[in-house]
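What follows is one structure encoded as structure tokens, with my remarks underneath.
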Amino acid sequence: MPMKALVAEPIHNAAIQALKGLGLSVEVSLGLSRDALCSALGSGAIDVLIIRTKVQADRELLNCWKGTQRLLCRAGIGVDNINLDAATALGIAVINTAEASTQSVAELAIGLMIAAARNVASQDRAIRIGAWKRQEGMELSGKTLGIIGLGRIGSRVAMLGKALGMHVVAHDPYIRDDRFAEFGAEKSTLEDTLGRADVVSLHTPLTPETERMMNKARLGIMKQGSILINTARGPMVDDEALCDALDSGHLAGAALDVFPEEPYKGRLLSNESVIMTPHIGGSTSESLERIGMRLVEQIAEFLRAGHTSALNAPLVPTGAEDLVVLARALGRLCAQLDGPLHRITVQASAHGRVLTHAAVQGALSVHQEGINLVNALAQAQQRGISVLTGQTEPADKQQPGELQVMVNETLAAGSVQGGMRITRIGEHTRLDFAPQGSILLLWYDDVPGVIGAVGTHLGKADINIKRMVVSDVADGNALMALAVGDALDAEVMEGLRERLKEFGLSRLAQVRL
Numbered sequence: 003m004p005m006k007a008l009v010a011e012p013i014h015n016a017a018i019q020a021l022k023g024l025g026l027s028v029e030v031s032l033g034l035s036r037d038a039l040c041s042a043l044g045s046g047a048i049d050v051l052i053i054r055t056k057v058q059a060d061r062e063l064l065n066c067w068k069g070t071q072r073l074l075c076r077a078g079i080g081v082d083n084i085n086l087d088a089a090t091a092l093g094i095a096v097i098n099t100a101e102a103s104t105q106s107v108a109e110l111a112i113g114l115m116i117a118a119a120r121n122v123a124s125q126d127r128a129i130r131i132g133a134w135k136r137q138e139g140m141e142l143s144g145k146t147l148g149i150i151g152l153g154r155i156g157s158r159v160a161m162l163g164k165a166l167g168m169h170v171v172a173h174d175p176y177i178r179d180d181r182f183a184e185f186g187a188e189k190s191t192l193e194d195t196l197g198r199a200d201v202v203s204l205h206t207p208l209t210p211e212t213e214r215m216m217n218k219a220r221l222g223i224m225k226q227g228s229i230l231i232n233t234a235r236g237p238m239v240d241d242e243a244l245c246d247a248l249d250s251g252h253l254a255g256a257a258l259d260v261f262p263e264e265p266y267k268g269r270l271l272s273n274e275s276v277i278m279t280p281h282i283g284g285s286t287s288e289s290l291e292r293i294g295m296r297l298v299e300q301i302a303e304f305l306r307a308g309h310t311s312a313l314n315a316p317l318v319p320t321g322a323e324d325l326v327v328l329a330r331a332l333g334r335l336c337a338q339l340d341g342p343l344h345r346i347t348v349q350a351s352a353h354g355r356v357l358t359h360a361a362v363q364g365a366l367s368v369h370q371e372g373i374n375l376v377n378a379l380a381q382a383q384q385r386g387i388s389v390l391t392g393q394t395e396p397a398d399k400q401q402p403g404e405l406q407v408m409v410n411e412t413l414a415a416g417s418v419q420g421g422m423r424i425t426r427i428g429e430h431t432r433l434d435f436a437p438q439g440s441i442l443l444l445w446y447d448d449v450p451g452v453i454g455a456v457g458t459h460l461g462k463a464d465i466n467i468k469r470m471v472v473s474d475v476a477d478g479n480a481l482m483a484l485a486v487g488d489a490l491d492a493e494v495m496e497g498l499r500e501r502l503k504e505f506g507l508s509r510l511a512q513v514r515l
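Below you can see the structure in the form of structure tokens.
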């Protein structure tokens, strides 16, 4: 009996025909209710499920899916609507199409900029009710375009903006300087980009660090009368704060293709300064065909070789599971402390290949979606990042089971002996904290009073300290690591920085593991 694919959301007809050419039985059932979809998956007859953004592939739905070899295909980039942890636990491979919609999303971003700058939507509404009142708009030529995230789509928007005569400034701490020059963008900090730009366009992945990144404070930094464009991820923008910024006149307008919840039902619906489209970034005939055909290629690969290109397919040797998790965390830690990425080095006594993949995955996942154990090294090579693996001998000074990861010049080490933990950052040893959650790191002179000052300041800010450890002293300098319940906002971080000046604070960093 041939394997069966269920197409639950629209894809290009050419892709459907190509799937049949692979020998698959293809059922196209669009608009199924959740119960009907769950019933279809529970029949045990579905091997491949193809969705876009409407179907919520959460744990409950995935638990309905019966079968042995199952492939969940997301026709598009983001997998926010898929519970990857649940899919992995259930043995369901997940794939997406990361590059197929780059051009269509970039063109939409530019189109929304023009529409917002010229008040197209509001003047269209006015003329339909009999009004003939011209609104003064803004030319984009000669203006400053601020891009947050200079990846595939952000870099394409930068080039299109340059073609319109805009000056492009961009913020992306994980892109090398020469890449900024390649795309005609001036490298800048996040705050400087927001403060200088006449139009700000968001192009970062949704991560714990970027969720609600455009909050009241950052919207307040934006230039008076500027415009915000979001074609990336809805939860990156605090819609209530955006509504307030528009109502006050601080921002002249906004254009959104993505929303915190979709379909969107919030306050922005009644604000005429906002242009809204229903998540159509990848909805062009050309993009849909590319997306569909890329899915077909990956499905063919899956049928031939298993989970080769799946987002959630770790190639983990038996007994190395904890080391892989640790390597990924060490990579994330170092990448957040040292960027842009140039070199990643892994030292391990065993399983060097998979641990290197995991460390690179962790480092790249700080700023890029869709990185997995399979594609991590290829993505690093594409970015010009050197990756090295070293074998440690039993006579090495490392403790048994210890693993070292270095990103550029920043080294971190950890162990799984007696529980998974991070044991070293740089020259600071004898650390002992779990590689998970929000971690606050402080480098300071080894003098009395620091622990009390930190505890008092965070207590006043209602920050819960789950664990605090202090390293051995290195050249008169100590490192404190605190596991905190919630990430600290900019105001609390700045206050802590000021409070600890008297203790010789040399660096303060917050990482998410």
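Count along the sequence shown from 1, then add 2; that gives the number in this note's numbering. Using N, Cα and C, we set each Cβ at its ideal position, and we do this for glycine too.
Check	Outcome
DSSP beta-bridge partners of ASP447	ASN479
Neighbourhood of ARG61 by C-beta distance below 7 Å, restricted to the same chain and skipping five residues each side	ASN85, ALA88
Separation of GLY439 from ALA365, as counted between CA atoms	16 Å
Runs of beta strand (DSSP E) wholly within the stretch 31–84 (minimum 3 residues, chain order)	50–53, 72–76
Residues bridged to PHE435 [DSSP beta-bridge criterion]	ILE424
Proximity test, Cβ basis, 8 Å: MET295 and chain D	Absence of chain D from the displayed structure is noted, only one protein chain being present.
Beta-bridge pairing of THR1 - partner residues as DSSP gives them	No statement about residue 1 is possible, as the shown extent of the chain runs from 3 to 515 and does not include it.
Own chain residues within Cβ distance below 7 Å of SER103, not counting five before or after	GLY78, ILE79, GLY283, GLY284, SER289, ILE293
Inter-stretch contact (C-beta, 8 Å, three-pair minimum) for the stretch 414–421 and the stretch 319–329	yes
Environment of THR70 [buried if 16+ CB atoms lie within 10 Å]	exposed
For SER250, the three-state DSSP class (helix, strand or coil)	coil
Alpha carbon of ALA42 to alpha carbon of HIS281, nearest angstrom	27 Å
Residues that DSSP places opposite ARG514 in a beta bridge	SER440
Under the three-state DSSP convention, the category GLN370 falls into	coil
Per-residue DSSP class, three states only, for ASN15	helix
Within 8 Å, strictly: CB atoms of ASP49 and MET5	yes
Contacts around PHE261, its chain only, beta-carbon distance under 6 Å, and the 5 residues preceding and following it disregarded	GLY236
contact_flag[the stretch 183–190, the stretch 120–133] where n(CB pairs < 8 Å) is 3 or more	no
Helix, strand or coil at GLY222 [DSSP, three-state]	helix
Residue interval of the alpha helix (DSSP H) (run including GLN137)	Unbroken run through GLN137: none, as it is neither H nor E.
First through last residue of the alpha helix (DSSP H) which encompasses GLY454	452–462
Element boundaries [alpha helix (DSSP H), containing LYS164]	154–165
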